[in-house]
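Numbering (the working numbering), first residue to last: 776 to 839. Glycine included, every Cβ here is placed at the ideal spot set by N, Cα and C. Heads up, the thing below is written out as structure tokens.
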Amino acid sequence: MTEQYHGDRLYPKSYIVSVLKNAPKELRSYIPKLQDIPCENDKGQRTFCTRIPETIYVYLTGRY
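Okay, structure coming up:
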């Protein structure tokens, strides 16, 4: 299975922020730059999502 970065994919903002709080300083600087995009989760609850740069995607996949 090969995963590739998709710049238009939405990620739960709360998850991204929680992961980045323990990330290296240069990645934590992205937190205030993340957009709030209204969306619904799989349970139908309204929440916020965001798009992430490729640098954060690489960190999330463990290749940073």
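In the three-state reduction of the DSSP assignment, I812 falls in the strand class. T825 is classed as buried because its beta carbon has at least 16 other beta carbons within 10 Å across all chains shown.
Taking C-alpha positions only, L835 is separated from L802 by approximately 11 Å.
Rounded to whole angstroms, the gap between the alpha carbons of A798 and Y832 is 12 Å. DSSP places R803 in the helix class (H, G or I) of the three-state scheme.
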